[in-house]
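So the numbering used here is basically just the index in the sequence shown, starting at one, shifted up by 918.
This report refers to the structure that appears directly beneath it.
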Amino acid sequence: MTDLDPQRLAQRIRRRVLDHTIRNGGGYLSQACSSAEILATLYGRVMRLGDSVAPMVPGPFQGVPGPHNPHAHTGSGYNGPKAPELDRFFFSPVHYSLVLYSVLIETGRMAPEGLAQFNQDGSTVELIGAEHSPGIEVTAGSLAQTLSQAGGVALARRLKGDTGRTWIFMSDGEFQEGQTWEALQALAYWKLDRVGVYVDVNGYQCDGKMDGIMNIEPLADRCRAFGADVHEVDGHDVEALTAPTRKPPDGKPLVVLARTDPCHGIELLRDRTPKLHYLRFKTDAERKAYEAVLAAWQD
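Here's what the structure looks like:
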């Protein structure tokens, strides 16, 4: 586990994503605003990971896995080796990948130079991450497939006698997908209480506010009905995010619903409400307004 202050780490994550968004004319900025404390808490306080065993500057794409491609690899090495006593991390909403890359940089797991490859042909540092991208171990598919895969890994680890926990980070939009509920039901059935799921519940999706598109509430009650141990917390409060992990396992998968604000830390984003999914500058004046926010930033 890295010895970093999650609150300061979250601010540095947000700042790096803002800087990258300005330099590249757009980016998934609201996702950084909502999820920074969650990911900072996981990496800085909760997860027990080994040091990165991956190249500091990610190498090029080596092709898809298969029996005739010995060079194919996943991005899991940035989260340390796969050891029985260590935790494993699965990153599900892969459109948040820029946020994850920023986490890896700010925790010393990836070099800042790696972002120069972002969204370039032949690079693993993809805009929408895949299993070969830094920090990502399995493909998320179109959406919401990672929880099923992570659950299978967690069951296999229990059968092997591993003591490390399995953590999954998700977005609330994934609860609009049926596969999420099937996976949660399976976790509960197999009593996989070494699994912890953190959900960024920011209330928005690509088309706007979720409650006006496909409402998922009451999300906590629904997750409890499927057999999870559910905790609703302020997703920008590091202590609240940490507290559920101190509870002894009780035979149920842990689900932490982190209620967040997709404009947290960058008030200027509220001008874009409710279309917050991807920020692309419309005018030079708008870009300059975000540059002013960055210039005034305090860690």
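C-beta: ideal position from N, C-alpha, C; glycine also.
For clarity, every value in this text was computed on a predicted model and none was experimentally measured.
- Query: Could you give the uninterrupted runs of the beta strand (DSSP E) lying entirely in the segment 1013-1084, keeping only those of 3 residues or more?
  - Reply: none
- VAL975 and GLY1032 closer than 8 Å at C-beta: As a first step, residue 975 must be located in the sequence shown, where it is residue number 57. As a first step, residue 1032 must be located in the sequence shown, where it is residue number 114. Against a cut-off of 8 Å, the Cβ pair of GLY1032 and VAL975 comes out as a contact.
- Message: Which runs of the alpha helix (DSSP H) at least 4 residues long sit entirely within the segment 1145-1216? Give them in chain order.
- Response: 1156-1160 and 1202-1213
- Hey, is the segment 1146-1164 in contact with the segment 1105-1118, meaning 3+ C-beta pairs nearer than 8 Å? Counting Cβ pairs under 8 Å, three or more are found: they touch.
- Item | DSSP state of PHE1087 mapped onto helix, strand, coil | Residue numbering aside, residue 1087 sits at position 169 when the sequence shown is read from its first letter. Looking at PHE1087 - three-state DSSP - the assignment turns out to be strand.
- Counting only the same chain and skipping the five closest in sequence on each side, list residues whose C-beta sits under 7 Å from that of LEU1105. Translated into the one-based positions of the sequence shown, residue 1105 becomes position 187. Counting only Cβ-Cβ distances below 7 Å, and skipping sequence neighbours, we find GLY1069, VAL1113 and PRO1171.
- Query: Assuming GLY1169 contacts LYS1109 under a Cβ cut-off of 8 Å, what Cβ separation, rounded to an integer in Å, is found between them?
  - Reply: In the sequence shown, the residue the question calls residue 1169 occupies position 251. In the sequence shown, the residue the question calls residue 1109 occupies position 191. Sure, about 5 Å apart at Cβ, within 8 Å.
- Take ILE931 and list the residues in its own chain whose beta-carbon comes closer than 8 Å to its own, dropping the five residues that flank it on each side. The residue given as residue 931 occupies position 13 in the sequence shown. ALA950, ALA954, LEU957, ALA958, VAL1017, SER1020, VAL1021 and GLU1024.
- For THR1081 and LEU947, the rounded distance between their alpha carbons: The residue given as residue 947 occupies position 29 in the sequence shown. The residue given as residue 1081 occupies position 163 in the sequence shown. Approximately 36 Å, taken between the alpha carbons.
- Query: With which residues is VAL1117 paired in a DSSP beta bridge?
  - Reply: As a working note, residue 1117 is residue 199 in the sequence shown. Answer is MET1088 and LEU1175.
- Task: Decide if VAL1156 is buried, meaning its Cβ has at least 16 other Cβ atoms within 10 Å, or exposed.
- Result: Locating residue 1156 in the sequence shown gives position 238, where the first residue counts as 1. Label assigned to VAL1156: buried.
- Item | Simplified DSSP assignment, three categories, for PRO978 | Mapped onto the sequence shown, residue 978 falls at position 60. In this structure, PRO978 counts as strand in the three-state DSSP scheme.
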